[in-house]
Amino acid sequence: DTGVSQNPRHKITKRGQNVTFRCDPISEHNRLYWYRQTLGQGPEFLTYFQNEAQLEKSRLLSDRFSAERPKGSFSTLEIQRTEQGDSAMYLCASSLLRGHTEAFFGQGTRLTVV
Amino acid sequence: GESVGLHLPTLSVQEGDNSIINCAYSNSASDYFIWYKQESGKGPQFIIDIRSNMDKRQGQRVTVLLNKTVKHLSLQIAATQPGDSAVYFCAELQMDSSYKLIFGSGTRLLVRP
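Note that the protein sequences, when read in sequence, are chains A and B. The working numbering puts the first residue of the first sequence at 1, with every later residue one more than the last. The working numbering puts the first residue of the second sequence at 1001, with every later residue one more than the last.
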């Protein structure tokens, strides 16, 4: 499968715990995005990487959230001290550089904070 | 802030009929408007896009119409099939440094056999 891969698919954690999600984009894609989606809503942009550089972060991305893409390939999203309001689907997407409008999404990681 | 929204949360159509899904947008500066399909348990899947200087674009069984005067976007699906059942999102794209997408809240399409 050469699409965007996300792991784990599901994560249940207790409030206050830290969680980390992984995204493996399509190999030749330079752009990588993280989005968050709650039930019945469209995805909301969280952050964007071009290669290994994190170039944009949404105001939705509080200090408890951190994302990395150390070698310009896979990316991780960590949430520290999880809160119930963090429960959502976390989606990763990748795309080619300029001139390409199509972003390819992974199947997401569903986080439930109890 | 700027947002993209949808008129109807659920649309039910008979198999074989045509479907029309509507979307209103507020940011006139967007360069592209894009339709995504999301099936249960999956990530959004690109369907079709339209550049802001166009008013119509056709794909396979799908047509997107853009009316900039009233800031309205629609997705027409011809001969709707059971496999078309999903949630459809319109999104806007600005070709700035990030190319991030701004999504609306979605319309669920139900296809009756």
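From the three backbone atoms N, C-alpha and C, an ideal C-beta is built for every residue, glycine too. For clarity, every value in this text was computed on a predicted model and none was experimentally measured.
Contact with chain B by residue i, beta-carbon distance below 7 Å
i, result
"residue 54 of chain A", "no"
"residue 101 of chain A", "yes"
"residue 21 of chain A", "no"
"residue 159 of chain A", "In the structure displayed, chain A extends from 1 to 114; residue 159 of chain A sits before or after that span and is not available."
"residue 109 of chain A", "no"
"residue 65 of chain A", "no"
"residue 74 of chain A", "no"
"residue 49 of chain A", "no"
Below-7 Å beta-carbon distance, residue i vs any chain A residue
i, result
"residue 1032 of chain B", "yes"
"residue 1043 of chain B", "yes"
"residue 1083 of chain B", "no"
"residue 1100 of chain B", "yes"
"residue 1049 of chain B", "yes"
Backbone secondary structure at residue i - three-state DSSP
i, result
"residue 1031 of chain B", "coil"
"residue 1017 of chain B", "coil"
"residue 86 of chain A", "helix"
"residue 1084 of chain B", "helix"
"residue 9 of chain A", "coil"
"residue 1036 of chain B", "strand"
"residue 107 of chain A", "coil"
"residue 62 of chain A", "coil"
"residue 1072 of chain B", "strand"
"residue 33 of chain A", "strand"
"residue 1024 of chain B", "strand"
"residue 1077 of chain B", "strand"
Under 8 Å from the C-beta of residue i: neighbouring residues of chain D
i, result
"residue 1106 of chain B", "Any reference to chain D falls outside this structure, whose protein chains are A and B."
Chain A contact residues for residue i, given Cβ-Cβ distances below 8 Å
i, result
"residue 1093 of chain B", "101"
Beta-carbon spacing of residue i, residue j below 7 Å
i, j, result
"residue 1110 of chain B", "residue 1012 of chain B", "yes"
"residue 1072 of chain B", "residue 1029 of chain B", "no"
"residue 72 of chain A", "residue 52 of chain A", "yes"
"residue 95 of chain A", "residue 88 of chain A", "no"
"residue 136 of chain A", "residue 37 of chain A", "Outside the modelled stretch of chain A, which goes from 1 to 114, sits residue 136 of chain A, for which no answer is possible."
"residue 20 of chain A", "residue 78 of chain A", "yes"
"residue 1092 of chain B", "residue 1027 of chain B", "yes"
"residue 42 of chain A", "residue 1089 of chain B", "yes"
"residue 86 of chain A", "residue 113 of chain A", "yes"
"residue 1086 of chain B", "residue 1038 of chain B", "yes"
Cross-chain neighbours of residue i in chain B, by beta carbon under 9 Å
i, result
"residue 105 of chain A", "1036, 1038, 1042, 1043, 1044, 1045 and 1046"
9 Å Cβ cut-off: residues of chain A touching residue i
i, result
"residue 1097 of chain B", "48, 50, 55 and 56"
Beta-carbon neighbours of residue i, restricted to chain B and to distances below 8 Å
i, result
"residue 95 of chain A", "1099"
Beta-carbon separation (whole angstroms), residue i vs residue j, contact threshold 8 Å
i, j, result
"residue 1050 of chain B", "residue 1036 of chain B", "With 8 Å as the limit, residue 1050 of chain B and residue 1036 of chain B do not qualify as a contact, their Cβ atoms being about 13 Å apart."
"residue 1021 of chain B", "residue 1107 of chain B", "5 Å"
"residue 84 of chain A", "residue 18 of chain A", "Not confirmed; about 15 Å, so no contact."
"residue 46 of chain A", "residue 32 of chain A", "The Cβ separation is near 11 Å, so there is no contact."
"residue 23 of chain A", "residue 74 of chain A", "6 Å"
Neighbouring residues, chain B, relative to residue i (Cβ below 7 Å)
i, result
"residue 31 of chain A", "1099"
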